[in-house]
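In the working numbering, the protein residues as written are -4 to 325.
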Amino acid sequence: MLKRAFILAVSLASVSAVPGRCRAEDQPANALLVVPSETAFNKGFQDFLDKNGAKLLHSYPPSVFIGFIPQTLDERLKSRFGAEVYRERVDDWASFAAYGENAVFAVNTWNKRFVEDPPEAPLVVSARVQKAGRKGAGIKLVWNDVMKAASYRLQISRDPEFSSVELETIVARNRYDVQPFFLPDGVYYWRVAGVMTLNTGAVSEGPFSEAYSFAVSNPARAKGPAFAAPAIERKIRIKGRPLSWPNASGARFYRMQLSEKPDFASPLLDVFTDTCAYKTSGLPIEKGRTYYMRVMGSDGSSAGGWSETSEVVIERSGPVKNDARRRERK
């Protein structure tokens, strides 16, 4: 029995020990699983996990595992195999002590995956005007990194109480550039909150920072024709490259919105850029899902109108050709 337990532990540990074996597209661990010791060697149990999309990523022999288990399997695992599935922080350590030292270590490892203290609010570093130059005179909003934050939610409002929001977006880094010629003159207030992704896949948003302000005062527009709206394709599929659109004649800057719904009532992204592209890496964008995009251009002194709406699908990148790590895994 001890020899069989050792073989099982080695085989399961190799899943997480080999570089690249747990690829980014695999589901994250979301459960702590406890089974009778003899069940781990039951071929029917292992086949059941394989056929139903479950993956045991870490082994604490002979009875405890951490891995990805679809929630629909909880009752079936219990009734068929006598297994218990834990998805939240474990406080009853005594029940695990009966399974031995490895089980206690597993619970300690599992509990570390949860955010014990409420996430802190970001601390605003500055809201300074950039010097005019090749990229124009923008306003850079900067805040400190929040521990465990995967991204940030930024809000800009004309109201210090944020009863209405002028602009809201998710950003991957702890900074955001505002190009003021896309906004009407006036005083604006802004605040930011950290967004954490828990091991269960749930999203937890922390408190907002204190509100800070900046002012927009654009020069009077010179006489001439109104700046034309960019012409973009009605359907776009992106794979392995930034989200992009055709260059508009005379445009130096763009404002881009990406929304889950075609009415743009609450865009997921609302950003400014000095190129015809925007990187979506690090942002909560679902691969294969349809989003809606529109773009507004500016010549650096005033903005034009919104483009037509484009349906956007960001596809999952395929395997890298001649990937040395893949050859090692064969």
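Glycine residues also receive a C-beta, built at the ideal position from the N, C-alpha and C atoms.
Asked	Found
Rounded straight-line distance, which links the Cα of Ser305 to that of Phe259	12 Å
6 Å Cβ shell around Gln252 - same chain, five flanking residues per side excluded	Phe259, Pro262, Asp265 and Arg289
Beta-carbon proximity of Asp294 to Arg236, cut-off 7 Å	no
Same chain, Cβ closer than 7 Å to Gly331, neighbours up to 5 away in sequence not counted	Nothing can be reported for residue 331: it is not among the residues displayed for the chain, which extend from -4 to 325.
Run of the beta strand (DSSP E) containing Thr268, from where it starts to where it stops	Leu264 to Thr268
Same chain, Cβ closer than 7 Å to Trp301, neighbours up to 5 away in sequence not counted	Ala224, Arg289 and Met291
Inter-residue spacing [alpha-carbon to alpha-carbon] between Lys38 and Lys73	16 Å
The alpha helix (DSSP H) enclosing Asp42, as first and last residue numbers	Lys38 to Lys46
Val119 to Val99 span [Cα, whole Å]	41 Å
For Gly327: DSSP bridge partner residues	Missing from the structure shown is residue 327; the chain here goes from -4 to 325 and no further.
Arg284 versus Pro23 - alpha carbon distance	20 Å
Sufficient close CB pairs (3 or more, under 8 Å) joining the stretch 67 to 87 to the stretch 36 to 53	yes
Ala92 to Thr34 span [Cα, whole Å]	19 Å
Alpha-carbon to alpha-carbon, Trp240 and Lys274	12 Å
Anticipated Cβ contact below 8 Å, Asn97 with Val59, distance rounded	7 Å
Val80 and Ala26 closer than 7 Å at C-beta	yes
Cα-Cα separation, Leu149 to Gly77	47 Å
Residues near Pro279 in its chain [Cβ-Cβ closer than 7 Å; skip 5 each side]	Ser146 and Ile165
Three-way DSSP call (helix, strand, coil) for Ala19 in this model	At Ala19, the pLDDT of 30 sits below 50, so the modelled position is not reliable and the matter cannot be decided from this model.
Span separating the alpha-carbon of Arg311 from that of Leu238	13 Å
Strand pairing of Val198, partner residues [DSSP]	Thr192
Backbone secondary structure at Glu70 - three-state DSSP	helix
Of the residues Ile231, Tyr286 and Ser276, the one placed nearest Pro257, counting alpha carbons only	Tyr286
Residue of Thr104, Ile309, Ser54 and Val211 minimising C-alpha distance to Ser276	Ile309
Between the CA atoms of Glu228 and Gly201 - distance to the nearest angstrom	37 Å
Opposing strand residues paired with Val166 [DSSP bridges]	Tyr147
CB of Tyr183 within 7 Å of CB of Ala206, strictly	no
Cα-Cα separation, Phe43 to Arg168	41 Å
Whole-angstrom distance between Thr192 and Pro214, CA atom to CA atom	42 Å
8 Å CB neighbourhood of Val198 in its chain, flanking five on each side removed	Val190, Met191, Thr192 and Pro279
Close-in-space but distant-in-sequence residues of the same chain around Asn326 (CB under 7 Å, 5 per side omitted)	Any property of residue 326 remains undetermined from this structure, which presents the chain solely from -4 to 325.
Spatial distance of His53 from Asn106 (CA atoms)	14 Å
Whole-angstrom C-beta distance between Ala116 and Ser204, which should lie under 8 Å	5 Å
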